[in-house]
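Data block below; observations after.
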Amino acid sequence: MTPSLKATGEMMKRWAALTGAVLAVMVASGAAWARVEQSSPMPAAMAQAQLRVVTANLDFHRSEAARRDWNTIGPEADIVFLQEVKYVRMRDILGDGWAVRQDTSSEDRQGSAVVIRKSAVKQIGELHLVKGVDASPCPDGGIMTRWIASVDVQLHNNRWIRVASLHMPPPRCQTGPTSPYARMADSVVAFANRSEPLLVLGADWNKVVDSDPNDIGARTGLKPRGPDSGLRIDGFYVSPAIGTQGLQFLPQTGDNSHRPVKMNITVPAP
Numbered sequence: 004m005t006p007s008l009k010a011t012g013e014m015m016k017r018w019a020a021l022t023g024a025v026l027a028v029m030v031a032s033g034a035a036w037a038r039v040e041q042s043s044p045m046p047a048a049m050a051q052a053q054l055r056v057v058t059a060n061l062d063f064h065r066s067e068a069a070r071r072d073w074n075t076i077g078p079e080a081d082i083v084f085l086q087e088v089k090y091v092r093m094r095d096i097l098g099d100g101w102a103v104r105q106d107t108s109s110e111d112r113q114g115s116a117v118v119i120r121k122s123a124v125k126q127i128g129e130l131h132l133v134k135g136v137d138a139s140p141c142p143d144g145g146i147m148t149r150w151i152a153s154v155d156v157q158l159h160n161n162r163w164i165r166v167a168s169l170h171m172p173p174p175r176c177q178t179g180p181t182s183p184y185a186r187m188a189d190s191v192v193a194f195a196n197r198s199e200p201l202l203v204l205g206a207d208w209n210k211v212v213d214s215d216p217n218d219i220g221a222r223t224g225l226k227p228r229g230p231d232s233g234l235r236i237d238g239f240y241v242s243p244a245i246g247t248q249g250l251q252f253l254p255q256t257g258d259n260s261h262r263p264v265k266m267n268i269t270v271p272a273p
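Those letters in the sequence shown? Residues 4 to 273, by our numbering.
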């Protein structure tokens, strides 16, 4: 063998050995990376978000009574849907850890509100009021204009949801297909059907929630979620993609015939 051929052979042997070593490192690195990917937790932006929601009719309590109510409600909640709060400015009685969305410009607008634990979410939008039904002269006593109080919220997994509090008219206003109750149910259906984000409604429905008052769920695809005992008119409607667990009453607050209703929700990543 000539010297040049011998040198070429030696170079080829060294190149083959080097190539084999590089391939071995790449295979080992790939296996290690696969193990890291398998063992790493899912990033927050891709994970499901879990929240505690509470709906509560405060029965027109004023500041001191509302503070006592909050001692029961606040520790159990990330998002709170309030009704009958026209006599209390919630931002005056809550600390900086809470974002209050309540229009205090008039009693009718102040009646329903949404309160959100700041640490439980990433971003909180402004309050938007959508008219539910105009003031109406019902038998045995009329009602003021009722509003749907709506807020868009971005969760820590980057999903935006829409949360809204409302108070449906009482039995004296449920007198048929053109009654204030029926008209507000139509407003709720229209609001839900044009809402693009996933939706959670918390309310005093003034009818048994699980009976799907005025076919709100049937007309929107939302799931009714309410208690199966006691006063069953306080509860939620939620988008089908949102998981719901652990619905329960919280302890009664004062002399209020309503008890706050709590539920855990699971919201999928975007």
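Yeah, the Cβ is synthetic: ideal placement off N, Cα and C, and Gly gets one too. If you're wondering where the values come from, they're calculated on a predicted model, not measured in any experiment.
Helix, strand or coil: how does DSSP classify Ala272 here?
-> Note: Ala272 maps to coil in three-state DSSP.
Close beta carbons around Ser182, own chain, < 7 Å, minus the five adjacent residues each side = Hits under 7 Å: Cys176.
Selection from Asn259, Gln251, Glu199 that minimises the alpha carbon distance to Ile268 | Considering only alpha carbons, the answer is Gln251.
Could you tell me if Pro263 is buried or exposed, where buried requires 16 or more neighbouring beta carbons within 10 angstroms of its beta carbon?
-> Buried, since its Cβ has 16 or more Cβ neighbours within 10 Å.
Work out the CA separation of Ile164 and Ala68 for me, nearest whole Å.
-> Spanning the two alpha carbons is a distance of roughly 31 Å.
Should Asp231 be labelled buried (16 or more other beta-carbon atoms within 10 Å of its own) or exposed?
-> Asp231 is exposed by the Cβ-count criterion.
Through-space distance from Asn160 to Met93, alpha-carbon basis = C-alpha of Met93 to C-alpha of Asn160: approximately 28 Å in a straight line.
Can you tell me the Cα-Cα spacing of Ala34 and Ala50, whole angstroms?
-> Residue placement at Ala34 is flagged as unreliable, the pLDDT there being 47, under the threshold of 50; a coordinate-derived value is accordingly withheld.
Do the CB positions of Pro227 and Val212 come within less than 7 Å of each other?
-> Taking 7 Å as the cut-off, the beta carbon of Pro227 is found closer than this to the beta carbon of Val212.
Coil, strand or helix - Val28 by DSSP | With a pLDDT of 42 at Val28, under the threshold of 50, the modelled position of this residue cannot be trusted; read the value that follows with caution. Helix.
Going by beta carbon distance, what residues of the same chain come within less than 7 Å of Pro273, once the five residues before and after it are set aside?
-> Closer than 7 Å at Cβ, skipping near neighbours: Asn161, Arg162.
Please work out which residues of its chain come closer than 6 Å, Cβ to Cβ, to Gln255, disregarding the five sequence neighbours upstream and downstream, and give them in chain order.
-> Apart from the 5 residues on each side of it in sequence, Gln255 sits with its Cβ closer than 6 Å to the Cβ of Arg262 in its chain, given in chain order.
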